[in-house]
Amino acid sequence: MALGIIDQIKQQTDKAHHVLITCKKDADSDAIASAIAFSSFLVQSGKKVDIVIDNFVLPHKLTFLQNTKKISATFPHLQQFMLTIDVAESGVQELSYDIKEKKLHIFITPKSGFLTKDHIHTAQSAFRYDSIIVLGAQDLRSLGNVYAKHKQLFQEVPIINIDSHPANEHFGQINMVEITASSTAEIITTYIKQVNKTAIDKAMATALMTGMIAATNSFKTDHIKPKTLSLASELVSMGANREDIIKHLYQTKSLALLRLWGQALAHMNYDETIGLISTSITRDDIMRSGAKSDDIIDIIDELISNAPEEKIAVVLYEGIKKEEPIRGILHTEKGIDAKKLLKKYKTTGTSNLIQFSMEQKNILEAEKYIISEIKKQL
67 MALGIIDQIK
77 QQTDKAHHVL
87 ITCKKDADSD
97 AIASAIAFSS
107 FLVQSGKKVD
117 IVIDNFVLPH
127 KLTFLQNTKK
137 ISATFPHLQQ
147 FMLTIDVAES
157 GVQELSYDIK
167 EKKLHIFITP
177 KSGFLTKDHI
187 HTAQSAFRYD
197 SIIVLGAQDL
207 RSLGNVYAKH
217 KQLFQEVPII
227 NIDSHPANEH
237 FGQINMVEIT
247 ASSTAEIITT
257 YIKQVNKTAI
267 DKAMATALMT
277 GMIAATNSFK
287 TDHIKPKTLS
297 LASELVSMGA
307 NREDIIKHLY
317 QTKSLALLRL
327 WGQALAHMNY
337 DETIGLISTS
347 ITRDDIMRSG
357 AKSDDIIDII
367 DELISNAPEE
377 KIAVVLYEGI
387 KKEEPIRGIL
397 HTEKGIDAKK
407 LLKKYKTTGT
417 SNLIQFSMEQ
427 KNILEAEKYI
437 ISEIKKQL
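Heads up, the sequence shown is in this note's numbering, so the first residue is 67 and it goes up one at a time.
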């Protein structure tokens, strides 16, 4: 009899020794918190786990979670390259190496005779990971350089794909895509509950609850199901403190972010005919506020929280360096596909939250252009 999805995932992770967990580039709070929780669960089971997320910078609002320091923006070594030299007849008198112009030079002096290329054999070890878990990503491209620069890894190692978005491409060998779930964290909670409920400690429950709250704007979105609230209640009974999580996610703002929010408000525009809120943030705004470019995602969160009538929210911002392109974040309510609105652009993200870049040099012109493109697609 065929195994169910949960049994397939358990079977794959049970036989794994070293697991890679990754998420889309510029991962959101749901994906980050889910990665932390799933990593903790697997470590409890005796597995080695690395969390690698392209371009990862820990958002200030998630610093209260445990084990965030385990997340890396780059890989450790993935394989070993082995050089085998037959010295049975020649022996070795001296061995040295040098690195010049980014090239490794190895010098071997035989005790007798000589060495030729026929004495040399090369090989590569297996990849350090024997299972990959991808969380909250609709496709492999959205993983950024984690995938783009290591495609062979993803071709050779089994992938477990866990996501809640309808547009997921089912790219894994095992796909747990639950489109009725509120979040990736909800899916992970369901999985761990069925596999080993007693493994959920206070730290894990807090991470899972954080992901669910962040993905649902504290359970205020319109796709909340009774099972979501039931799972949240169970997480509270396991030690998650909802009030503390909300305080960190929504009520604790750095002074730099408050300054940046003020600039965003000053530049805000609203088109009530289509329910679109837009704002632009200049390089000077970011530098004067003391904020970082990764704080921009919080501006979208603030727009969504403080403007419930909005259907579409756009934030455009300049890079810290002048040569960087103008970047943007687009959020849409359920039922409006953000990727289709900006299908002319190369975007990353989900059907309701995407990031993109533009070649325009003037940010105000870029904002007008984006709004006109959105109106054309509605």
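Glycine is no exception: its CB is placed at the ideal position from the N, C-alpha and C atoms.
In terms of DSSP beta bridges, what is residue i paired with?
i: residue 379; result: 343 and 397
i: residue 239; result: For residue 239, which the question treats as bridged, DSSP gives no partner whatsoever.
i: residue 138; result: 118
i: residue 128; result: Paired residues: none, contrary to the question.
i: residue 392; result: 424
i: residue 174; result: 161
i: residue 414; result: 421
What is the DSSP secondary structure of residue i, counted as helix, strand or coil?
i: residue 164; result: strand
i: residue 334; result: coil
i: residue 317; result: helix
i: residue 184; result: helix
i: residue 107; result: helix
i: residue 304; result: coil
i: residue 421; result: strand
i: residue 444; result: coil
i: residue 356; result: coil
i: residue 282; result: helix
i: residue 88; result: strand
i: residue 169; result: strand
i: residue 349; result: helix
i: residue 372; result: helix
i: residue 249; result: coil
i: residue 276; result: helix
i: residue 387; result: coil
i: residue 113; result: coil
i: residue 133; result: coil
i: residue 439; result: helix
i: residue 408; result: coil
Nearest-angstrom Cα distance between residue i and residue j?
i: residue 102; j: residue 287; result: 24 Å
i: residue 231; j: residue 154; result: 59 Å
i: residue 137; j: residue 323; result: 23 Å
i: residue 67; j: residue 143; result: Low local confidence applies: a pLDDT of 46 at residue 67 is under 50, so the model's placement there is unreliable, and no value is given.
i: residue 320; j: residue 362; result: 13 Å
i: residue 307; j: residue 105; result: 20 Å
i: residue 100; j: residue 193; result: 24 Å
i: residue 340; j: residue 378; result: 8 Å
i: residue 466; j: residue 367; result: Residue 466 lies beyond the stretch modelled for the chain, which goes from 67 to 444, so this question has no answer here.
i: residue 84; j: residue 178; result: 44 Å
i: residue 418; j: residue 69; result: 32 Å
i: residue 326; j: residue 369; result: 13 Å
i: residue 268; j: residue 122; result: 25 Å
i: residue 347; j: residue 81; result: 49 Å
i: residue 354; j: residue 383; result: 14 Å
i: residue 305; j: residue 294; result: 17 Å
i: residue 410; j: residue 437; result: 13 Å
i: residue 443; j: residue 407; result: 5 Å
i: residue 120; j: residue 93; result: 8 Å
i: residue 214; j: residue 180; result: 42 Å
i: residue 329; j: residue 301; result: 38 Å
i: residue 318; j: residue 127; result: 7 Å
i: residue 356; j: residue 236; result: 41 Å
Within a Cβ cutoff of 6 Å, which residues of the same chain sit near residue i, ignoring the five residues on either side of it in sequence?
i: residue 234; result: 204 and 243
i: residue 462; result: Outside the shown range of the chain, which is 67 to 444, sits residue 462, and nothing can be said about it.
i: residue 441; result: none
i: residue 255; result: 274 and 297
i: residue 334; result: 345
i: residue 261; result: 76
i: residue 423; result: 391 and 393
i: residue 141; result: 118
i: residue 403; result: 417
i: residue 238; result: 225, 226 and 227
i: residue 399; result: 377
i: residue 415; result: 421
Please work out which residues of its chain come closer than 7 Å, Cβ to Cβ, to residue i, disregarding the five sequence neighbours upstream and downstream, and give them in chain order.
i: residue 425; result: 391
i: residue 75; result: 226, 240, 242 and 257
i: residue 282; result: 248, 249 and 290
i: residue 96; result: 202, 249, 250, 251, 277, 280 and 281
i: residue 107; result: 258, 265 and 270
i: residue 170; result: 163
i: residue 314; result: 127 and 130
Excluding the five sequence neighbours on either side, which residues of its own chain have a C-beta within less than 8 Å of the C-beta of residue i, listed in chain order?
i: residue 173; result: 160, 161, 162, 163 and 164
i: residue 435; result: 424 and 426
i: residue 157; result: 176, 177 and 178
i: residue 212; result: 88, 91, 118, 119, 120 and 141
Would you say the beta carbon of residue i comes nearer than 7 Å to a heavy atom of the ligand PLP?
i: residue 244; result: Absent from the structure shown: the ligand PLP. Ligands present: none.
Inside the stretch 196-234 only - beta strand (DSSP E) runs reaching at least 3 residues: Complete beta strand (DSSP E) runs here, min 3: 197-201 and 225-229.
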